[in-house]
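Contents: one structure, followed by commentary.
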Amino acid sequence: MAATSTTAPAPGTLPASRRRWSPRKRARAFRAAQYGLLVLVLAAVAAAVDWENVGTNFFNVEAARAMLPQLPTAFRNTLTYTVAGFAVGLSLGTVLALMRLSAVGLYRWIATVYIEFFRGIPALLVVISFGYAVPIAFGVNIGSVTTKAALALGLVSAAYIAETLRAGIQAVPRGQVEAARSLGMSHGRTLRTVVVPQAFRIVLPPMTNEFILLTKDTSLVFLLGLAVSQYDLTKIGRDALNSAAGGLTPLFLIGACYLLITLPLGQLARYLEKRTGARSRS
Amino acid sequence: MTTPATTTPATTGPVVRIAGLRKAFGEREVLTGIDLDVHAGEVVCVIGPSGSGKSTLLRCVNLLEQPTGGTVEVLGVEVTDPDVDIDRVRTHVGMVFQQFNLFAHRTVLDNCTIAQRQVLKRSRDEAERIARANLARVGLADRADAHPGQLSGGQQQRVAIARALSMDPQLMLFDEPTSALDPELVGDVLAVMRDLADAGMTMIVVTHEMAFARDVGDRVVFMDGGVVVEDGPADQVIGAPREERTQAFLQRVLHPTGA
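Which chain is which? The protein sequence lines are H and C, in order.
Here my numbering is used: the first residue of the first sequence is 1260, the next is one more, and so on.
Here my numbering is used: the first residue of the second sequence is 5, the next is one more, and so on.
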């Protein structure tokens, strides 16, 4: 650039001497400014925080230790509710996805209404309804909390899973269907043996995300009314908040437990995404 | 193999009889009255410019496209009759696609056995024996356990041929089988098709390979604008076309630089 600033500008261009910094130099300076800003903000926050109180209220070792005996059961319960809810969501979601793609207009309509409804209302409302409305409306009392949780959470996640699956089914190339049909497979058999298996592979990464969302939604099952042995992570965290000293430490502890479940799943999703990407390029 | 009475090939009469076939996609008429008979053991190559309706014609034979008019008879069964079980007819008609369309989630061997087992209800052992024999026939006996994504285009297309042959078809449809291949891979696929023709298979081949059509084809059908313009012995249609449109097309295809 220094060279151009001394030579006469080419016809039709601005005088180069006006540009004191080259674009690369400016980008470097901008990057440095961003680092500087970050350091400033961090320093300001660190200075503003009352570290002593944070220590006793957020990372209180005594309070955390008091919760430890309950943690394994709660951890297991949260996982159980998640897996059971996902099983329901996946089964129902598959049916809904197929209905969305059905040749029968009424099926498509029903599936669309279902999906829009359950995506549009908070999961909290569905869980409460399962605790109170269903027994009133249908006169049935579902005994098992796991079943209730699985149905309530499954109904909600089915709406999301259905949309993910539909996109996956539509992403299976048309030629796959034509090849199967040309070999004499019926429409239904083609779906079962060729389309759905491939759709599941396509949707594995987004499906992992559905699983993560569902894991967090299990924090709502306390609304169903739980016995002590059925407490999930959020429930023991909330109870510990009321009983123990140590401020918000219980919430930090169970937050870490959720991350213990969701972070590996996030890794898994990224890994699967990379793998499917690599395969589709081949 | 015993075949259901409804699809037993007629001992007399053509394998395929197409009469007054019309096909429209919405307003757009792609086929405007096609008459074509294909006899047992015949290799018919269909040539013509893109958009002339060649592929649509082929896809109407096994009803991947639903004709809007006319009749199509395959192995003595009128497939355009809505009461006909098309799935049953299709088990006797193999199809090979431009894009291979191998089942991406299955191994090569599975690709060749899945329909045998599910549709023809053959045992696993029998299906695998037949599949391996056909893979050997296309020169890929050693790739049975590979996944389609691990194969070259030419290999994938040969697997697709083996997959179709494993159903013991009485008619094979080829829809531009070499158009998606790198030039150096075309020869292997054409060689397999030539062997198949020599073995007496009835074949309809939509192709841009004029040398193949001339050498292997018994008949060449030239299509343009949704109709059959010229239909005759391969040597005559390609070597000495009678119709002006055929001459113009072949001139463009065989001498693209205008030599």
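Ideal Cβ placement from N, Cα and C applies to all residues, glycine included.
Exercise. Within the same chain, show all residues whose beta-carbon is closer than 6 Å to that of residue 222(C), passing over the 5 residues directly before and after it, in chain order.
Key: As a first step, residue 222(C) must be located in the second sequence, where it is residue number 218. Exclusion of the five residues before and after residue 222(C) leaves 46 and 47 as the residues of its chain whose Cβ lies within less than 6 Å of its Cβ.
Quiz item: Given residue 1540(H), which residues of its chain have a CB within under 7 Å of its CB, disregarding the five upstream and five downstream residues?
Solution: Mapped onto the first sequence, residue 1540(H) falls at position 281. Note that residue 1540(H) scores 40 on pLDDT, short of 50, meaning its location in the model is unreliable; the coordinates nonetheless yield the value given after this. Sequence-distant Cβ neighbours of residue 1540(H) in its own chain, meaning closer than 7 Å and more than five residues away, do not exist here.
Quiz item: Do you know offhand how far residue 158(C)'s Cα is from residue 226(C)'s?
Solution: Position 154 of the second sequence holds residue 158(C). Position 222 of the second sequence holds residue 226(C). Going by C-alpha positions, residue 158(C) is about 26 Å away from residue 226(C).
Exercise. Give the secondary structure of residue 252(C) by DSSP, where H, G and I count as helix, E and B as strand, and everything else as coil.
Key: The residue you call residue 252(C) lines up with position 248 of the second sequence. Residue 252(C): helix per DSSP, three-state reduction.
Exercise. In angstroms with no decimal places, state the Cα-to-Cα distance between residue 1500(H) and residue 1524(H).
Key: For the purposes of this step, residue 1500(H) is identified with residue 241 of the first sequence, where counting begins at 1. For the purposes of this step, residue 1524(H) is identified with residue 265 of the first sequence, where counting begins at 1. C-alpha separation (whole angstroms): 28 Å.
Practice problem: Could you tell me how far apart the beta carbons of residue 1385(H) and residue 1415(H) are, in whole angstroms, since I believe they sit closer than 8 Å? | Solution: By one-based count along the first sequence, residue 1385(H) stands at place 126. By one-based count along the first sequence, residue 1415(H) stands at place 156. In this structure residue 1385(H) is in contact with residue 1415(H), their Cβ atoms being roughly 5 Å apart against a cut-off of 8 Å.
Quiz prompt | Closest residue to residue 1389(H) among 1336(H), 1479(H), 1338(H) and 1427(H) (Cα-Cα distance) | solution = Counting from 1 along the first sequence, the entry for residue 1389(H) is found at position 130. In this structure, 1479(H) is the residue among 1336(H), 1479(H), 1338(H) and 1427(H) with its C-alpha nearest to the C-alpha of residue 1389(H).
Exercise. Measure the CB-CB distance between residue 224(C) and residue 38(C) and report whether it falls below 8 Å.
Key: Reading the second sequence from its first residue, position 220 is the one you call residue 224(C). Reading the second sequence from its first residue, position 34 is the one you call residue 38(C). Going by C-beta atoms, residue 224(C) is not nearer than 8 Å to residue 38(C).
Practice problem: Report all residues from its chain with a CB closer than 8 Å to the CB of residue 163(C); omit the five preceding and five following residues, and keep chain order. | Solution: Here the question's residue 163(C) lines up with position 159 in the second sequence. Answer for residue 163(C): 104, 106, 112, 115, 116, 139, 142, 144, 147, 152 and 155, listed in chain order.
Quiz prompt | Extent of the continuous beta strand (DSSP E) run through residue 27(C) | solution = The sequence position of residue 27(C) within the second sequence is 23, counting from 1. Its beta strand (DSSP E) spans residues 20 to 29.
Self-check item: Chain-ordered neighbours of residue 1453(H) on chain C, where CB pairs are closer than 7 Å
Solution: Within the first sequence, numbered from 1, the residue matching residue 1453(H) stands at position 194. Within chain C, 107 have C-beta atoms less than 7 Å from the C-beta of residue 1453(H), given in sequence order.
Quiz prompt | Proximal residues, the segment 1437 to 1453 of chain H versus chain C, C-beta separation under 8 Å | solution = Those residues of the segment 1437 to 1453 of chain H that come within reach of chain C (Cβ to Cβ, closer than 8 Å) are 1437, 1438, 1439, 1440, 1441, 1442, 1443, 1444, 1445, 1448, 1452 and 1453.
Self-check item: Meets three-Cβ-pair contact criterion under 8 Å: the segment 1343 to 1352 of chain H and the segment 1420 to 1438 of chain H
Solution: Yes: the two stretches touch, three or more of their Cβ pairs being nearer than 8 Å.
Quiz item: Quick one: any contact between the segment 1512 to 1523 of chain H and the segment 1320 to 1335 of chain H, if contact means 3 or more CB pairs under 8 Å?
Solution: Touching, yes.
Practice problem: For residue 1356(H), collect the residues of the same chain with a Cβ closer than 7 Å to its Cβ; drop the 5 residues on either side in sequence, then sort them by chain order. | Solution: Stepping through the first sequence from its first residue, residue 1356(H) is reached at position 97. Short of 7 Å from the beta carbon of residue 1356(H), and not among the five residues preceding or following it, lie these beta carbons of its own chain, in chain order: 1421, 1424, 1425 and 1428.
Practice problem: Name, going along the chain, the residues of the segment 44 to 74 of chain C whose beta-carbon falls closer than 7 Å to a beta-carbon of chain H. | Solution: Within the segment 44 to 74 of chain C, the residues whose Cβ lies closer than 7 Å to some Cβ of chain H are 66 and 68, listed in chain order.
Quiz item: Between residue 119(C) and chain H, is there a C-beta pair that is closer than 8 Å?
Solution: If you number the second sequence from 1, residue 119(C) lands on position 115. Residue 119(C) belongs to the set of residues whose beta carbon lies under 8 Å from a beta carbon in chain H.
Exercise. Give the residues from the segment 178 to 192 of chain C that approach chain H closer than 8 Å (Cβ to any Cβ), ordered along the chain.
Key: Of all residues in the segment 178 to 192 of chain C, none is placed with a Cβ closer than 8 Å to any Cβ belonging to chain H.
Quiz prompt | Beta carbon proximity, residue 29(C) to chain H, threshold 8 Å | solution = Residue numbering aside, residue 29(C) sits at position 25 when the second sequence is read from its first letter. Closer than 8 Å: no.
Quiz item: Using the beta-carbon count (16 or more within 10 Å), is residue 14(C) buried or exposed?
Solution: Walking along the second sequence from the start, residue 14(C) turns up at place 10. Only weak support is given to the placement of residue 14(C): the predicted model assigns it a pLDDT of 47, under 50, and the value that follows is read from those uncertain coordinates. When all chains shown are included, residue 14(C) counts as exposed.
Practice problem: For residue 56(C), count neighbouring C-beta atoms within 10 Å of its own C-beta (all shown protein chains included) and say buried if the count is 16 or more, exposed if not. | Solution: Against the second sequence, residue 56(C) aligns to sequence position 52. Residue 56(C) should be labelled buried.
Quiz item: Do you know how far the Cα of residue 181(C) is from the Cα of residue 1406(H)?
Solution: For the purposes of this step, residue 1406(H) is taken as residue 147 along the first sequence, with counting starting at 1. For the purposes of this step, residue 181(C) is taken as residue 177 along the second sequence, with counting starting at 1. Taking the straight line from one Cα to the other gives about 54 Å.
Quiz item: Which chain C residues are close to residue 1434(H), counting only those with a beta carbon under 7 Å from its beta carbon?
Solution: Sequence index remark: in the first sequence, residue 1434(H) carries index 175 (1-based). The answer, in chain order, is 101, 103 and 105.
Quiz prompt | Whether residue 242(C) touches residue 197(C) by CB criterion (8 Å) | solution = On the second sequence, residue 242(C) is found 238 positions in, with the first residue counted as 1. On the second sequence, residue 197(C) is found 193 positions in, with the first residue counted as 1. Inclusion of residue 242(C) and residue 197(C) in the CB contact set at 8 Å is not warranted, their separation being larger than that value.
Quiz item: Listed in chain order, which residues of the segment 1457 to 1470 of chain H have Cβ atoms closer than 7 Å to some Cβ of chain C?
Solution: From the segment 1457 to 1470 of chain H, only 1457 and 1460 have a Cβ closer than 7 Å to chain C.
Practice problem: With a 10 Å radius around its C-beta and 16 neighbouring C-beta atoms as the bar for buried, classify residue 1530(H) as buried or exposed. | Solution: The sequence position of residue 1530(H) within the first sequence is 271, counting from 1. Flag for residue 1530(H) reads exposed.
Quiz item: When DSSP labels each residue in this structure, what does residue 110(C) get in the three-state scheme?
Solution: Against the second sequence, residue 110(C) aligns to sequence position 106. Residue 110(C): coil per DSSP, three-state reduction.
Exercise. Kindly indicate the opening and closing residues of the alpha helix (DSSP H) around residue 1318(H).
Key: For this step, residue 1318(H) is matched to residue 59 along the first sequence. DSSP places residue 1318(H) outside any alpha helix (DSSP H), giving it a letter other than H or E.
Self-check item: Collapsed DSSP secondary structure at residue 1424(H) in the structure displayed
Solution: Along the first sequence, one-based indexing puts residue 1424(H) at 165. The answer is helix: DSSP assigns residue 1424(H) an H, G or I state.
Quiz item: What residue range is occupied by the uninterrupted beta strand (DSSP E) comprising residue 1479(H)?
Solution: Residue mapping note: residue 1479(H) aligns to position 220 of the first sequence, counting from 1. Looking at the DSSP string, residue 1479(H) is not in any beta strand (DSSP E), and its letter there is neither H nor E.
Practice problem: Let me know the alpha helix (DSSP H) ranges lying completely inside the segment 47 to 107 of chain C, each 4 residues or longer, listed in chain order. | Solution: The segment 47 to 107 of chain C contains these whole alpha helix (DSSP H) runs: 58 to 65 and 90 to 94.
Practice problem: Determine, using beta carbons only, whether residue 1473(H) and residue 1408(H) come nearer to each other than 8 Å. | Solution: Taking the first residue of the first sequence as position 1, residue 1473(H) is located at position 214. Taking the first residue of the first sequence as position 1, residue 1408(H) is located at position 149. No, these two residues do not count as a Cβ contact at 8 Å.
Quiz item: Between the C-alpha atoms of residue 59(C) and residue 26(C), what's the straight-line distance to the nearest angstrom?
Solution: Here residue 59(C) refers to the residue found at position 55 of the second sequence. Here residue 26(C) refers to the residue found at position 22 of the second sequence. If I take the Cα positions, the gap works out to 13 Å.
Self-check item: Closest residue to residue 1468(H) among 1303(H), 1520(H) and 1502(H) (Cα-Cα distance)
Solution: By one-based count along the first sequence, residue 1468(H) stands at place 209. With respect to the C-alpha of residue 1468(H), the residue from 1303(H), 1520(H) and 1502(H) having the closest C-alpha is 1520(H).
Quiz item: Taking the alpha-carbon positions, what's the residue 1387(H) to residue 1308(H) distance?
Solution: As a position in the first sequence, residue 1387(H) is number 128, starting the count at 1. As a position in the first sequence, residue 1308(H) is number 49, starting the count at 1. One C-alpha to the other measures close to 38 Å.
Quiz item: Should residue 1446(H) be labelled buried (16 or more other beta-carbon atoms within 10 Å of its own) or exposed?
Solution: If you number the first sequence from 1, residue 1446(H) lands on position 187. By the 10 Å Cβ count, residue 1446(H) comes out exposed.
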